[in-house]
Every structure is written in C-alpha cells, then in structure tokens.
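Student: Okay, handing you the structure first.
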Ligand SMILES: Cc1cc2nc3c(=O)[nH]c(=O)nc-3n(C[C@H](O)[C@H](O)[C@H](O)COP(=O)(O)OP(=O)(O)OC[C@H]3O[C@@H](n4cnc5c(N)ncnc54)[C@H](O)[C@@H]3O)c2cc1C
Ligand SMILES: Cc1cc2nc3c(=O)[nH]c(=O)nc-3n(C[C@H](O)[C@H](O)[C@H](O)COP(=O)(O)OP(=O)(O)OC[C@H]3O[C@@H](n4cnc5c(N)ncnc54)[C@H](O)[C@@H]3O)c2cc1C
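Protein chains in written order, with UniProt numbering: chain W, 1 to 415; chain X, 1 to 468.
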C-alpha cells in the first residue's frame with residue numbers, strides 16, 4: 001500500500017472476481033492484489049464461537065470446517081463454492097438463508113485492515129458488544145475495496161441447527177404467492193429460506209432440466225425451515241396450510257434429504273439455466289420492501305415488454321431481494337441499449353417503491369451512475385467525504401461506487 | 001456566549017415559547033446521569049420538526065455555536081453535558097410513533113419517543129422490539145440509537161444497531177438525508193446508517209428512524225441460580241452456550257451487589273453467595289420448557305446451591321427484581337455511584353470479575369459488579385463520594401486498571417454506554433492511535449467545524465496507557 005501511495009498507483013483488491021458489478025475490473029489499470037497466499041483458517045475459538053480467517057479462504061471451506069464442529073456460519077451466497085470471504089465481506093453478501101439469519105455484516109466481529117495510508121488497524125473484537133468509537137467495522141463491510149484492504153477477519157458463529165425441512169409450492173398467480181409470503185411472516189414464522197421464481201424462470205429451468213415443474217404456473221416458492229425438530233415440523237405444517245389457504249395449486253414436501261436436494265435444485269440452477277439462453281446474461285439486484293414483491297415483479301414484466309427484452313425474475317422473496325435477469329447478447333448494440341434502458345427503469349421503480357438499486361451485489365463500476373437515485377445527491381456527498389477522509393489520493397479501487405456523472409433519472413408514471 | 005441576534009433568530013425559527021434561556025432552564029440541562037460533569041448551556045431549544053432542526057443547525061454553523069442533542073440525559077458517559085456551552089437540542093416535541101407497518105414489520109418513529117412506549121405499543125399488536133436498556137422507562141429512542149444501547153435481551157436478540165433499518169438525519173451542514181429503508185438488504189454505497197448508530201450525537205442529528213420489529217415470542221420462563229463461587233457461575237454460562245442454548249437473558253450479580261440488593265429490597269437472596277445468575281428463555285412453549293429444564297440441570301451440575309424456576313409471571317417478576325434493582329440498590333449506599341462498562345469475550349468473564357475484585361482491594365475502593373454475563377458486558381460499579389478527592393483519585397486509578405485489564409483480555413472500554421466525554425481519554429487504548437486517527441478523519445469529513453457535540457468521543461489527550 002505504501003509503495004502504491006508513493007507511486008500513485010491504483011490498487012484493486014480481488015477475491016475470486018465473482019462479483020456482478022464490475023467491482024474488480026481494473027478499469028484504471030494499477031495493481032491487482034490477490035489473496036491466494038492468504039487463505040488460512042487462523043483459529044477456531046469454540047468458547048467464544050468465533051472463527052478467525054484470512055481473506056482468501058473460500059466461503060464453502062468455512063462452512064465445511066465449522067459444520068464439522070457442529071457450528072454454523074450462516075451467510076451462503078450461491079457463489080459460495082468459489083467466492084472468498086474477503087469478497088463476501090467487501091460486498092456484504094447475502095444468501096439463501098438471509099431472511100432468518102441476516103447477511104455477512106451480521107457475522108463480522110472484528111477486522112484487521114490496511115488503510116490507504118498503509119496504517120494497519122484492528123476494529124472490533126470477540127465481543128458481543130462494543131461501542132468504543134465509530135463503527136469502522138460496519139463501514140468497511142460492504143465498502144467494495146474502496147476504503148482499505150481486509151487482511152484478517154473474525155467471524156461470529158452460531159450453533160448448527162439440528163434439523164431442516166424443505167417444501168415447494170406452485171401458484172397460478174403471482175399475487176397468491178406474494179400473499180403467502182406476507183401471511184407466513186404475519187403468522188410469526190420466519191423460515192430459513194423463502195425463495196421465489198417467476199414463470200419465465202420456471203419455463204427455462206424446466207426446459208433444460210425436465211424435473212417436472214408446471215410451466216403454466218406464474219410462481220413457485222421454495223420454503224425451508226431449520227431448528228429444533230418439533231418446531232421445524234410445526235412450522236412446516238403451518239406453512240403448508242397457509243400455502244394451501246392462499247391458493248397453491250400443488251405442494252410438495254421433501255421426506256428425504258435427497259428429495260429436499262431435488263426441490264432446491266430448481267432454484268439453485270436458475271441462474272445457470274438462464275445463462276444457457278443467450279451469449280450474455282445480466283443479473284440485477286433490485287430490492288424492495290417485502291410488501292411490494294408482487295407489484296415489483298409485475299412492473300419488471302411490463303418493462304421487459306416495453307423494451308422488448310427477455311427478463312426473468314427469481315430471488316429472495318422473504319427479503320424483497322429480486323434478481324431480474326436479462327438474457328441478451330452484448331454484441332447486439334441496439335438490444336444492449338434497450339436492456340440498459342429497461343434496467344434503468346427497473347431501478348427507478350424499485351427506488352420509487354421505497355427500495356434500492358442493489359440488495360446484495362454492490363455498486364461497483366456498473367451501478368455507480370445510479371447510486372444517487374437511491375441515496376440522493378446529499379447522500380453521495382457525505383459518502384464521498386468519507387472516501388476522501390480515508391483515501392485522499394483515491395488509490396483504493398478508483399472508479400468504483402462513485403461515478404463521474406450520475407445517470408439522468410427516468411420518470412416512471414403509474415407506480 | 002451567544003448573541004442577542006442569534007437568540008432572536010432562534011425565536012424566529014421556533015417561536016419564543018420553544019427557546020429557553022432562563023437560568024432555571026439552563027441549570028436543568030447542565031447535567032446528565034454522569035457524576036462530576038456539570039456545565040451550563042447557553043440556550044435550550046425544542047424544535048417541532050426536521051426542517052426546524054435543519055435551520056437551527058445552519059444557524060449554529062454560521063455562529064459556530066456547539067450543538068448538544070439530548071434525549072433524556074440518562075447516558076453515563078457525560079455525552080450530553082454541555083461542557084463547551086452552546087445549544088441543547090431537545091426532542092420532547094418530536095415524540096410520535098409515526099407508523100407501524102405490519103406487512104414489512106417496521107415502526108417509524110421520531111427521536112423523542114420513550115423506549116418503553118415503543119415496546120408496549122408494538123407488543124400490543126403482537127410484535128416485538130427487543131432492545132431493552134434498563135433505563136427504558138425514561139430513555140428516548142434517539143438516545144438509544146446514538147449510544148447503540150444494549151439491554152437484558154441482548155444475548156439472543158442483539159443491540160439497538162441490529163434493529164435500525166433507516167434514518168433521517170440532519171448533517172452538521174444542515175443537509176437532511178435519508179439512509180436505508182424498509183429493506184432487509186441494501187448495499188447501495190457506504191453504510192451511513194450503521195456509522196451513525198452509536199455516534200453519540202457527534203456526526204448528525206437523528207430526526208426519524210425506521211425500526212425493525214420481529215414477531216413477539218409466545219412464551220417466556222425465568223430462572224434464578226445461586227452459587228457459592230464465581231467460577232461455578234462462569235462455568236455455567238460457558239456450559240449453557242456450549243450446549244447450544246442461547247437464552248434470551250443471562251445476567252449476573254456478584255456478592256457485593258447481592259448484599260446491596262438484599263439490604264434494599266429484602267427479597268430473600270442468600271448474602272453469603274458469591275454469585276447469582278438470572279436466566280430467561282423465550283420462544284415457542286415446548287422449546288422454552290425444554291431449554292429451561294436443561295439449563296436448570298446445567299446449573300445444578302456446576303454446583304448451584306439453589307435453582308428456582310418461576311411458576312407464575314408474578315414469581316418471575318420477583319426473580320427479576322433483584323437484578324433490576326441492582327443499580328438503585330448500590331446507588332443508595334454512597335453519595336456518588338460510578339458505573340462502568342468494561343466488556344470482555346465471554347470466556348474471560350470469571351477472570352475479569354476476579355481481576356476487578358483484586359483491583360478494588362488494591363486501591364481500597366468499594367466496587368460491586370453485575371451485568372450481562374452472556375454478552376461479557378460487566379458493570380463494575382463504584383460506591384464513592386465525589387467530595388473526597390483522595391478517594392476519587394484512587395477510584396480513577398482503579399478504573400484505569402480495569403480498562404487496561406479488559407483490553408488485555410481482548411475486550412473493550414465500553415460495551416454499551418458509549419465513550420462520551422468521560423471515557424474519551426481512554427478510547428485510543430482500545431482502537432489504537434491509528435484507529436483513532438481514522439475516526440477523527442471521519443468526524444472532520446462530517447463536521448469540519450466541530451459543532452456537533454464537541455469534546456465528546458475525542459479527547460484533547462489520551463491517558464497514558466498503563467500496563468499490568
Ligand atoms: C453464480 C453467482 C452467484 C452469486 N450469488 C450471490 C448470492 O447469492 N448472494 C450475493 O450476495 N452475491 C452473489 N454473487 C456475487 C458474488 O459472488 C459475491 O459478491 C461475492 O462475495 C464475491 O466474492 P469474490 O471472492 O468473488 O470477490 P470479488 O468479486 O473478487 O471482489 C468483490 C469486491 O470485494 C473487494 N475485495 C475482495 N477481497 C478484498 C479484500 N481482502 N479487501 C478489500 N476488498 C476486497 C473487491 O475489490 C471487490 O470490490 C453471485 C455471483 C455469481 C457469479
Ligand atoms: C439506571 C440506568 C440504567 C441504564 N441501563 C442501560 C442498559 O441496560 N443498557 C444501555 O445500553 N444503557 C443503559 N443506560 C445508559 C443510557 O440510559 C442509554 O445510553 C440511553 O440510550 C440513553 O438515552 P437518553 O434518551 O437518555 O439519551 P441521552 O443520554 O440524552 O443522550 C445519549 C447520547 O445520544 C445523543 N443523542 C440523543 N438524542 C439524539 C438525536 N436525536 N440525534 C443525535 N444524537 C442524539 C446525545 O448527544 C448523547 O451523546 C442506563 C442508564 C441509567 C441511568
């Protein structure tokens with residue numbers, strides 16, 4: 001860091017490069033910093049339920065390691081097999097278990113960070129509570145490599161849930177599915193997983209995998225609960241009746257682990273199936289208050305029709321975190337222009353509904369021109385002031401998060 | 001000192017009845033709950049909405065008048081003592097619950113709402129706002145947010161920060177910004193929400209907050225266990241966690257605290273016991289019953305002299321009463337009570353309590369300790385007399401040594417009470433010179449003229465670090 005400062009060279013920290021917001025493309029050249037040689041699990045502290053790791057450890061390695069000890073690290077981005085914990089921390093990644101267990105930020109107890117001036121600071125500790133000074137840790141988590149380099153992290157672990165059950169519900173209408181989601185939560189059940197796929201996604205998955213999904217339905221919900229056995233059984237039973245009451249056409253409950261695998265496969269394969277469709281896949285991340293899911297999915301469909309682009313949507317229904325995914329072709333400039341317009345409109349609709357442009361993928365370079373739509377001009381100003389305070393020479397991942405200019409807002413009527 | 005023109009412009013903004021510069025008014029707000037910090041402000045104002053707050057901030061910026069936002073002044077770190085004079089800003093006219101959104105499980109509130117009012121209001125609708133500082137009957141949500149307050153339910157449910165989804169904030173330049181939203185996930189830009197929570201009024205003024213609610217647990221049980229030795233109590237705590245049980249409450253009191261409580265409340269605690277644990281579990285009835293049974297077994301296995309499980313809500317209240325009364329009971333014993341907040345990793349609790357006792361003996365001061373055992377958050381509380389200078393010096397030395405010891409155990413100088421002015425000379429002990437510098441840079445980025453609660457969080461000088 002000190003050397004780069006001296007020479008005014010940009011630094012791009014890079015985990016596995018799986019981020020979807022151009023967060024690690026060295027668009028201003030400079031030094032790419034890789035953590036391949038910093039990939040040790042440093043310490044498991046069973047008494048304090050804390051795991052200390054280097055940034056290059058793969059997410060899945062952490063899961064396997066702690067689960068062998070009967071412990072649990074909940075954040076599970078779908079990219080967990082290849083993503084690094086350093087990347088997860090810097091993106092504040094979510095996952096399928098987010099509704100009940102939260103996101104990466106909720107599991108970071110302490111960080112060792114190299115600041116842009118080369119200072120090494122430690123924030124936090126193996127502490128359930130710590131209010132000594134500003135919360136640098138929370139500021140650094142999700143800062144996308146623009147404020148410093150994470151060189152070590154202490155993660156919070158929890159006991160591994162004893163038991164888990166899985167079910168799948170198929171709906172004729174989107175609204176029925178959305179109402180089910182609200183009803184489940186209104187009945188004081190917080191499932192571990194509450195995922196959703198729209199018709200387009202279902203058709204594509206079925207087309208490739210032939211797993212017997214009904215292609216004429218508008219929505220599928222994948223629901224999982226974990227915890228003590230009797231509670232899980234009770235919750236699943238309640239959710240089963242709720243699904244029925246709100247008009248589920250068919251319901252399947254996994255009896256064996258293998259059946260559960262099959263039920264979850266459709267959702268897990270969604271992105272890769274959609275990616276088969278076309279040379280280019282653009283996955284977005286608009287997030288809305290939970291109560292707005294059905295209207296949001298409807299709006300996404302309208303926008304896709306309006307711009308004549310193919311967009312299918314799946315995502316974390318319980319979190320309001322949707323992934324409208326566009327199957328397109330980057331070589332077709334004319335279509336790409338329409339895709340961009342469509343996504344701009346989707347962002348605007350999300351923000352108008354009280355949502356955000358990104359729930360878990362980050363801003364990076366790709367969404368930087370839209371950040372102001374969510375946080376406002378004054379919000380950007382204060383974020384820039386923080387960036388300037390910590391990295392006055394702008395050597396940490398320059399060009400990310402903050403754009404040279406903001407996209408002109410699109411005005412969306414009828415929302 | 002403030003000028004007449006400044007006062008007049010304040011009155012123009014707020015109306016004369018919401019600007020108080022009477023001697024009585026100034027005296028009232030010269031104090032907070034922290035002993036030994038007193039200093040009169042120049043004026044006290046009561047804005048009624050965000051725009052007025054913004055106008056006040058701009059005016060103060062123009063005149064370089066310090067602003068001290070104040071909830072109920074119950075903080076214990078001199079966070080609201082106007083030690084550089086200036087303007088005290090009250091939220092008693094911004095005290096409404098604006099909305100409870102049952103679909104998204106959120107409550108939108110103004111900063112002046114009393115914590116308990118929020119808890120009661122949402123519970124009457126089957127919902128739950130977990131953070132419950134012992135001061136909740138009088139503390140405001142604005143104060144809770146700015147201290148990132150904890151409470152008795154912290155072990156299972158976390159602290160205030162875990163329940164703040166979005167904020168409306170007036171920045172030190174008068175800008176009004178909104179952060180976050182009714183969103184489970186949001187990674188658009190830096191996390192200003194979490195940075196502001198716990199910033200002790202030094203980065204901006206919170207004028208509205210969106211709180212996360214959860215479903216209210218359906219059942220709750222309470223248990224009290226009495227121990228001959230502190231070690232046994234600490235082993236019980238570790239063992240409960242190792243059994244993968246996360247109780248809602250896991251509180252502890254040491255012998256001096258038990259003595260004080262018994263003398264005050266006569267609830268039949270054995271005063272010869274070295275430690276008492278108060279344990280509660282909530283959730284679905286079957287799980288709660290099962291957990292409490294297991295916990296009772298664990299307590300007995302680790303040598304508890306007595307384990308009492310409450311059969312009725314009334315009995316539960318009796319069991320809780322001791323822990324709840326701890327601070328008031330101790331406060332009765334001497335003219336001045338100084339409550340500290342050292343926090344250590346859970347595994348270090350027994351060692352820390354022993355160290356506190358040794359330190360108290362070494363400096364010949366009376367310290368009783370109670371606190372959140374499950375969180376490692378201890379409240380060593382000193383019974384002293386601010387008029388006795390010699391003793392106060394020893395008290396300060398003792399606390400310095402306690403801080404140093406906590407840090408050596410991997411802990412912190414404050415778990416939930418904040419830094420304020422009182423602990424600011426010790427902040428570098430925890431965060432390091434470099435960490436402190438990064439924090440100061442952030443402060444300057446937000447508040448280049450240092451008008452927001454100046455003198456808090458950052459001290460002129462760091463105390464020399466002592467080594468043990
Ligand atoms: C198929 C697929 C599925 C996905 N599913 C999810 C999902 O379910 N949930 C989700 O949230 N995301 C998901 N993602 C996005 C992505 O995987 C995550 O953002 C992940 O955390 C990135 O990890 P990485 O190691 O690849 O980091 P990278 O992409 O290499 O880097 C991400 C960011 O972190 C910074 N960075 C990396 N390491 C450090 C460090 N040590 N110090 C400072 N900065 C650093 C980089 O500069 C960059 O800004 C998915 C992506 C793909 C391709
Ligand atoms: C008997 C007793 C028991 C306690 N128990 C606990 C406990 O269990 N857990 C715990 O964590 N704390 C506890 N405390 C400490 C204290 O009650 C908490 O810190 C509480 O949150 C303070 O709330 P308040 O409304 O009194 O805020 P104040 O003391 O008035 O202010 C606290 C801080 O917040 C700032 N502030 C207040 N409102 C705003 C606003 N709207 N915008 C910006 N800044 C603002 C102030 O400037 C100050 O820095 C206890 C205190 C007492 C006296």
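Where a beta carbon is used, it is the ideal one built from N, C-alpha and C, also for glycine.
#1: Starting from the C-beta of residue 60 (chain W), find all residues in its chain whose C-beta is less than 7 Å away, skip the five residues before and the five after it, and write them out in chain order.
#2: Let me check you understand the geometry: is the CB of residue 456 (chain X) closer than 8 Å to at least one non-hydrogen atom of ligand 2?
#3: How many Å lie between residue 121 (chain W) and residue 151 (chain W) at the Cα?
#4: Got a sec: which bits of the segment 372-403 of chain X sit with their beta carbon under 9 Å from any beta carbon on chain W, in order along the chain?
#5: May I ask which residues mark the beginning and end of the alpha helix (DSSP H) holding residue 337 (chain X)?
#6: Could you give the residue range of the beta strand (DSSP E) that holds residue 104 (chain W)?
#7: Restricting to Cα atoms, I'd like to know which of X:129, X:114, X:159 and X:128 is closest to residue 138 (chain X).
#8: Using three-state DSSP, classify residue 466 (chain W) as helix, strand or coil.
#9: Does the Cβ of residue 83 (chain W) have 16 or more other Cβ atoms within 10 Å, making it buried, or fewer, making it exposed?
#10: List, in order along the chain, the chain X residues whose C-beta lies closer than 8 Å to that of residue 416 (chain W)?
#11: Got a sec? Which residues, its chain only, sit under 7 Å from residue 144 (chain W) by beta carbon, not counting five neighbours each side?
#12: Please decide whether residue 455 (chain X) counts as near chain C, where near means a Cβ-Cβ distance under 9 Å.
#13: Report yes if the CB atom of residue 50 (chain W) is closer than 9 Å to the CB atom of residue 222 (chain W), and no otherwise.
#14: Note down, in chain order, each residue of its chain lying with its Cβ closer than 8 Å to the Cβ of residue 191 (chain W), except the 5 sequence neighbours on either side.
#15: Please list the segments of the beta strand (DSSP E) lying wholly inside the segment 249-286 of chain W, counting only runs of 3 or more residues, in order along the chain.
#16: What is the DSSP secondary structure of residue 322 (chain W), counted as helix, strand or coil?
#17: Any C-beta of chain X sitting closer than 9 Å to the C-beta of residue 165 (chain W)?
#18: Determine the DSSP secondary structure at residue 162 (chain W), reduced to helix, strand or coil.
#19: Is the Cβ-Cβ distance between residue 287 (chain W) and residue 191 (chain X) less than 9 Å?
#20: Using a Cβ-Cβ cut-off of less than 9 Å, give me the residues of the segment 85-111 of chain X that come near chain W, in sequence order.
#21: Just the Cα atoms here: how many angstroms apart are residue 355 (chain W) and residue 367 (chain W)?
#22: Note down, in chain order, each residue of its chain lying with its Cβ closer than 6 Å to the Cβ of residue 415 (chain W), except the 5 sequence neighbours on either side.
#23: Name the chain X residues whose beta carbon is nearer than 7 Å to that of residue 92 (chain W)?
#24: Excluding sequence positions up to five away, which residues of its chain have a Cβ less than 6 Å from the Cβ of residue 359 (chain W)?
#25: Could you tell me whether the Cβ atoms of residue 147 (chain W) and residue 435 (chain X) are closer together than 9 Å?
#26: Could you work out which residues of chain X lie near residue 358 (chain W), taking near to mean beta carbons separated by less than 8 Å?
#27: Any beta-carbon of chain X closer than 9 Å to the one on residue 188 (chain W)?
#28: From residue 18 (chain W) to residue 235 (chain X), what does the alpha carbon distance come to, in whole angstroms?
#29: Would you list, in sequence order, the uninterrupted alpha helix (DSSP H) runs of no fewer than 4 residues that lie entirely inside the segment 315-370 of chain W?
#30: What does the alpha-carbon distance come out to for the pair residue 38 (chain W) and residue 153 (chain W)?
#31: Please list the partners that residue 159 (chain X) has in chain W, where partner means a Cβ-to-Cβ separation under 7 Å.
#32: Compute the Euclidean distance between the alpha carbons of residue 1 (chain W) and residue 114 (chain W), then round it to the nearest angstrom.
#33: Does any residue of chain X have a CB that is nearer than 9 Å to the CB of residue 234 (chain W)?
#34: Give the residues from the segment 131-151 of chain X that approach chain W closer than 8 Å (Cβ to any Cβ), ordered along the chain.
#35: Give me the chain X residues within the contact set of residue 134 (chain W), using Cβ-Cβ distance strictly less than 7 Å, ordered along the chain.
#36: Can you look up residue 183 (chain W) in the DSSP assignment and give me helix, strand or coil?
Tutor: Considering the structure as presented:
#1: Along the first chain, read from residue 1 onward, the residue named residue 60 (chain W) stands at position 60. The residues are 80 and 81.
#2: By one-based count along the second chain, residue 456 (chain X) stands at place 456. Correct: residue 456 (chain X) has its Cβ closer than 8 Å to ligand 2.
#3: As a working mapping, residue 121 (chain W) is identified with position 121 in the first chain. As a working mapping, residue 151 (chain W) is identified with position 151 in the first chain. Answer to the nearest angstrom: the Cα atoms are 10 Å apart.
#4: 372, 374, 375, 376 and 377
#5: Residue mapping note: residue 337 (chain X) aligns to position 337 of the second chain, counting from 1. Here residue 337 (chain X) belongs to no alpha helix (DSSP H); instead the beta strand (DSSP E) covers 336-339.
#6: Numbered from 1 along the first chain, position 104 holds the residue referred to as residue 104 (chain W). Note, residue 104 (chain W): premise wrong, no beta strand (DSSP E); not H, not E.
#7: Taking the second chain and counting its residues from 1, one reaches residue 138 (chain X) at position 138. Of the candidates X:129, X:114, X:159 and X:128, the one whose C-alpha sits nearest the C-alpha of residue 138 (chain X) is X:114.
#8: Since the displayed chain W opens at 1 and closes at 415, residue 466 (chain W) lies outside it and no answer follows.
#9: What you label residue 83 (chain W) is simply residue 83 of the first chain in a count that begins at 1. The residue is buried, with at least 16 neighbouring Cβ atoms inside 10 Å.
#10: No information on residue 416 (chain W) is available, as it lies outside the stretch 1 to 415 that chain W covers here.
#11: Start at 1 with the first residue of the first chain, and residue 144 (chain W) comes out as number 144. The residues are 23, 90, 91, 362, 363, 364, 397, 400 and 401.
#12: Of the protein chains in this structure, namely W and X, none is chain C.
#13: Numbered from its first residue, the first chain carries residue 50 (chain W) at position 50. Numbered from its first residue, the first chain carries residue 222 (chain W) at position 222. No, Cβ-Cβ distance for residue 50 (chain W) and residue 222 (chain W) is not below 9 Å.
#14: Position 191 of the first chain holds residue 191 (chain W). So the qualifying residues of the chain are 99, 100, 184, 223, 224, 225, 235, 239 and 318.
#15: 280-283
#16: Taking the first residue of the first chain as 1, we reach residue 322 (chain W) at position 322. Residue 322 (chain W): strand per DSSP, three-state reduction.
#17: In the first chain, counting from the first residue as 1, residue 165 (chain W) sits at position 165. Taking Cβ atoms only, chain X never reaches closer than 9 Å to residue 165 (chain W), which makes this a no.
#18: Taking the first residue of the first chain as 1, we reach residue 162 (chain W) at position 162. Three-state result, residue 162 (chain W): coil.
#19: Within the first chain, the letter at position 287 stands for residue 287 (chain W). Within the second chain, the letter at position 191 stands for residue 191 (chain X). Going by C-beta atoms, residue 287 (chain W) is not nearer than 9 Å to residue 191 (chain X).
#20: 101, 102, 103, 104, 105 and 106
#21: As a working mapping, residue 355 (chain W) is identified with position 355 in the first chain. As a working mapping, residue 367 (chain W) is identified with position 367 in the first chain. About 15 Å.
#22: Here residue 415 (chain W) corresponds to residue number 415 of the first chain, with the count starting at 1. At residue 415 (chain W) the pLDDT is 45, less than 50, meaning the model places this residue with poor confidence; the figure from the coordinates comes in the next sentence. Here the set comprises 349 and 352.
#23: As a position in the first chain, residue 92 (chain W) is number 92, starting the count at 1. Chain X residues near residue 92 (chain W): 187.
#24: Against the first chain, residue 359 (chain W) aligns to sequence position 359. Within the same chain, residue 359 (chain W) has close Cβ partners 285, 287 and 321.
#25: For the purposes of this step, residue 147 (chain W) is identified with residue 147 of the first chain, where counting begins at 1. For the purposes of this step, residue 435 (chain X) is identified with residue 435 of the second chain, where counting begins at 1. Cβ distance not < 9 Å, so residue 147 (chain W) and residue 435 (chain X) don't count as in contact.
#26: Numbered from its first residue, the first chain carries residue 358 (chain W) at position 358. Going along chain X in sequence order, the residues near residue 358 (chain W) (Cβ under 8 Å) are 186, 187 and 188.
#27: For the purposes of this step, residue 188 (chain W) is taken as the residue at position 188 of the first chain. Output row for residue 188 (chain W): interface = yes.
#28: The sequence position of residue 18 (chain W) within the first chain is 18, counting from 1. The sequence position of residue 235 (chain X) within the second chain is 235, counting from 1. For residue 18 (chain W) and residue 235 (chain X), the distance between alpha carbons rounds to 44 Å.
#29: 333-352
#30: For the purposes of this step, residue 38 (chain W) is taken as the residue at position 38 of the first chain. For the purposes of this step, residue 153 (chain W) is taken as the residue at position 153 of the first chain. Cα to Cα, the separation comes out at about 12 Å.
#31: As a working mapping, residue 159 (chain X) is identified with position 159 in the second chain. Chain W residues near residue 159 (chain X): 129.
#32: Here residue 1 (chain W) refers to the residue found at position 1 when the first chain is read from its first residue. Here residue 114 (chain W) refers to the residue found at position 114 when the first chain is read from its first residue. Residue 1 (chain W) and residue 114 (chain W): Cα-Cα distance of roughly 8 Å.
#33: Taking the first chain and counting its residues from 1, one reaches residue 234 (chain W) at position 234. Closer than 9 Å to some Cβ of chain X, the Cβ of residue 234 (chain W) qualifies, so yes.
#34: 147, 148 and 150
#35: Taking the first residue of the first chain as 1, we reach residue 134 (chain W) at position 134. What residue 134 (chain W) touches in chain X: 195, 199, 439 and 442.
#36: Here residue 183 (chain W) is taken as the residue at index 183 of the first chain, counted from 1. Helix.
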